[in-house]
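Read the structure below first, then the notes.
Residue numbers (the working numbering): 1455 to 1788.
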C-alpha cells in the first residue's frame, strides 16, 4: 500500500459527502499505464452508508440508477448492497474532468471486519494488492498488515518448497480470484500475471516487512535470482505448517477445524489457552482444505456482488460493463 498525492481525485472526493477511507485500486496503478480512457477504481469507507448515500443522491443524483433514486433512495441502495451483495455499492461510469470513475461505498465496520477476519474475502482481497490511499482517518493501512500476513501464510501453504518472488506474489494475488465466477467468462485469463508484472515493485514494498518477519522466524530463506527479485525456499515441516495455519483469519481456521479436527492449544506446561488449533497431520491436506474454504468464500461473494451490481447500476450500465469485461476476456483467450 502506498500514499501518493492525487490532486485530481482529491478534488473529486470534495464533490462527495465526507469519507473516512479512500483508496485507488486496479490497473490504473500500473506505472506504465498511459491509457487515460481506463476507468479509475475507488473504494470509499463511510461510517453510515445509508446517510452517506442520501446526502450523495442530493449532490450527485446522476451517479445512481434512476430506479433506485426514485423507489427508495439511500435506504434502498444500502439494503440492496447489504441484503443481496456483500455490503458494497458501486457507482460506475462516473465522468469527472475527462476521467471515467467507478467508486464502491462500504461501511467502515464491514471493511475492518473483512480485513481482520476475511468474512466475505471481498474488500480484503482487493487490499492484498497494491493500492494508493488518498484518505485514511482510522489508519486502515496499519490494520491491513494483519491481512497481508494472512495472505502470505495462505500463499505459502499453496506453494512448493522452492519458488520465486514473482510466483509468491502471483499466488497471493490469485487467492481472491479462486472461485470467482467472473473468471469463467468475464475476466482476462492472464489477469493475475499482468497485475504482478505491472506492479512488481509495489508488491515488493508492500510485503517486505512480512517476508522479513518470516525470514527471522526461519520459515523462509532468500537467495538472489536477478531482475531485482529473489528465489525463496520455505520450511514445509509440520511445525512450520502449524504456524502458517495459526496466522490465517479465525473464520478460515474455524471452518478448517470443523473439517480436519482441532486440538487444544497450550501456552505452557499443562496450561490450556482456550484457543483451539487446527489439527495438522499433512501439509497437503491442510492446503487443500484451506483452498476449498477460500474458493467457497470467493464464489459466494462474487455471485452475490454480481447480482447486487446488476440491480444497483441498472440494465444499460450493467450490460455495458459486462460487455467490456467479456471483450477483455475474449481477447485474452485468442
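Virtual Cβ for every residue (Gly too), placed ideally from N, Cα, C.
* To do: Along the alpha helix (DSSP H) that carries residue 1648, what are the first and last residues, could you check?
  => By one-based count along the chain shown, residue 1648 stands at place 194. Start and end: 1645-1652.
* Asked: Do residue 1653 and residue 1674 come within 8 Å of each other at the CB atom, strictly closer than that value?
  -> Along the chain shown, read from residue 1 onward, the residue named residue 1674 stands at position 220. Along the chain shown, read from residue 1 onward, the residue named residue 1653 stands at position 199. Cβ distance not < 8 Å, so residue 1674 and residue 1653 don't count as in contact.
* Beta-carbon spacing of residue 1714, residue 1702 below 8 Å -> Sequence index remark: in the chain shown, residue 1714 carries index 260 (1-based). Sequence index remark: in the chain shown, residue 1702 carries index 248 (1-based). Not in contact: residue 1714 and residue 1702 (Cβ atoms no closer than 8 Å).
* **Unbroken alpha helix (DSSP H) run spanning residue 1801, endpoints** => Here the chain has residues from 1455 to 1788 only, and residue 1801 is not among them.
* residue 1506 vs residue 1559 beta-carbon contact at 8 Å -> Taking the chain shown and counting its residues from 1, the one referred to as residue 1506 is at position 52. Taking the chain shown and counting its residues from 1, the one referred to as residue 1559 is at position 105. Cβ distance < 8 Å, so residue 1506 and residue 1559 count as in contact.
* Please report how far the alpha carbon of residue 1649 lies from the alpha carbon of residue 1633, in whole angstroms. => Within the chain shown, numbered from 1, the residue matching residue 1649 stands at position 195. Within the chain shown, numbered from 1, the residue matching residue 1633 stands at position 179. When rounded, the distance between both Cα atoms is 18 Å.
* To do: Taking the CB atoms as reference points, tell me whether residue 1602 and residue 1741 lie closer together than 8 Å.
  => Numbered from its first residue, the chain shown carries residue 1602 at position 148. Numbered from its first residue, the chain shown carries residue 1741 at position 287. No, the pair does not count as a contact, with Cβ atoms beyond the cut-off.
* To do: Excluding the 5 residues preceding and the 5 following residue 1578 in the sequence, name in chain order all residues of the same chain whose CB lies nearer than 6 Å to its CB.
  => Numbered from 1 along the chain shown, position 124 holds the residue referred to as residue 1578. Taken in chain order, the residues that qualify are 1568, 1569, 1572, 1601.
* Going straight from the alpha carbon of residue 1725 to that of residue 1707, what length do you get? -> What you label residue 1725 is simply residue 271 of the chain shown in a count that begins at 1. What you label residue 1707 is simply residue 253 of the chain shown in a count that begins at 1. Residue placement at residue 1725 is poorly supported in this model, since its pLDDT is 47, which falls under 50; the coordinates are not used for a value here.
* To do: Give a yes or no on whether the C-beta atoms belonging to residue 1690 and residue 1651 are separated by under 8 Å.
  => For this step, residue 1690 is matched to residue 236 along the chain shown. For this step, residue 1651 is matched to residue 197 along the chain shown. Not a contact, by the Cβ cut-off of 8 Å.
* **Host beta strand (DSSP E) of residue 1674 (start-end)** => Locating residue 1674 in the chain shown gives position 220, where the first residue counts as 1. From DSSP, the beta strand (DSSP E) with residue 1674 extends over 1674-1680.
* **Supposed close pair residue 1597, residue 1748 - CB separation, criterion 8 Å** => Along the chain shown, one-based indexing puts residue 1597 at 143. Along the chain shown, one-based indexing puts residue 1748 at 294. The Cβ separation is near 20 Å, so there is no contact.
* To do: Identify whether residue 1663 lies in helix, strand or coil by the three-state DSSP scheme.
  => Position 209 of the chain shown, counted from the start, is the residue given in the question as residue 1663. Helix at residue 1663.
* Between which two residues does the beta strand (DSSP E) containing residue 1466 stretch? -> Position 12 of the chain shown holds residue 1466. No beta strand (DSSP E) contains residue 1466, which is instead part of the alpha helix (DSSP H) from 1461-1467.
* **Segments assigned alpha helix (DSSP H), at least 4 residues, entirely inside the segment 1572-1621** => 1577-1580, 1594-1612
* Asked: What is the DSSP secondary structure of residue 1538, reduced to helix, strand or coil?
  -> The residue labelled residue 1538 in the question sits at position 84 within the chain shown. Three-state result, residue 1538: coil.
* **Inter-stretch contact at 8 Å, needing at least 3 Cβ pairs: the segment 1519-1532 / the segment 1468-1478** => no
* Asked: Which partner residues of residue 1637 appear in the DSSP bridge assignment?
  -> Along the chain shown, read from residue 1 onward, the residue named residue 1637 stands at position 183. In the DSSP output, where bridge partners are listed per residue, residue 1637 has none listed.
* Short CB-CB distance (under 8 Å) between residue 1694 and chain B -> Among the chains in the structure shown there is no chain B, since it carries only a single protein chain.
* Asked: So what does residue 1716 bridge to, in DSSP terms?
  -> Taking the chain shown and counting its residues from 1, one reaches residue 1716 at position 262. Residue 1716 is bridged to 1732.
* Would you tell me roughly how many angstroms separate the C-alpha atoms of residue 1585 and residue 1684, rounded to the nearest one? => Along the chain shown, read from residue 1 onward, the residue named residue 1585 stands at position 131. Along the chain shown, read from residue 1 onward, the residue named residue 1684 stands at position 230. Whole-angstrom Cα-Cα distance: 23 Å.
* Comparing alpha-carbon positions, which option in 1502, 1545, 1500 lies nearest residue 1522? -> Numbered from its first residue, the chain shown carries residue 1522 at position 68. Of the candidates 1502, 1545, 1500, the one whose C-alpha sits nearest the C-alpha of residue 1522 is 1545.
* Element boundaries [beta strand (DSSP E), containing residue 1554] -> Position 100 of the chain shown holds residue 1554. It spans 1553-1561 - the beta strand (DSSP E) in which residue 1554 sits, taken as one unbroken run.
* For residue 1751, collect the residues of the same chain with a Cβ closer than 6 Å to its Cβ; drop the 5 residues on either side in sequence, then sort them by chain order. => Numbered from its first residue, the chain shown carries residue 1751 at position 297. Within the same chain, residue 1751 has close Cβ partners 1575.
* If you draw a straight line from the C-alpha of residue 1593 to the C-alpha of residue 1500, how long is it? -> Numbered from 1 along the chain shown, position 139 holds the residue referred to as residue 1593. Numbered from 1 along the chain shown, position 46 holds the residue referred to as residue 1500. Their backbone Cα atoms lie some 14 Å apart in a straight line.
* To do: Output yes or no for whether 8 Å exceeds the beta carbon distance between residue 1565 and residue 1475.
  => Taking the chain shown and counting its residues from 1, the one referred to as residue 1565 is at position 111. Taking the chain shown and counting its residues from 1, the one referred to as residue 1475 is at position 21. The answer is yes: Cβ separation under 8 Å.
* **residue 1481, enclosing beta strand (DSSP E) - first and last residue** => What you label residue 1481 is simply residue 27 of the chain shown in a count that begins at 1. No beta strand (DSSP E) holds residue 1481; DSSP gives it neither H nor E.
* Return yes when the Cβ of residue 1520 is within less than 8 Å of the Cβ of residue 1763, no when it is not. => Numbered from 1 along the chain shown, position 309 holds the residue referred to as residue 1763. Numbered from 1 along the chain shown, position 66 holds the residue referred to as residue 1520. No, they are not a contact pair.
* residue 1561 classed as buried or exposed, judged by whether at least 16 other C-beta atoms fall within 10 angstroms -> Taking the first residue of the chain shown as position 1, residue 1561 is located at position 107. Burial state of residue 1561 is buried, judged by a 10 Å Cβ sphere holding 16 or more other Cβ atoms.
* Asked: How would you label residue 1788, buried or exposed, when you count the other beta carbons within 10 angstroms and need 16 or more for buried?
  -> By 1-based counting over the chain shown, the position of residue 1788 is 334. In this prediction, residue 1788 scores a pLDDT of 44, lower than 50, which makes its location untrustworthy; the coordinate-derived value is nonetheless stated afterwards. Label assigned to residue 1788: exposed.
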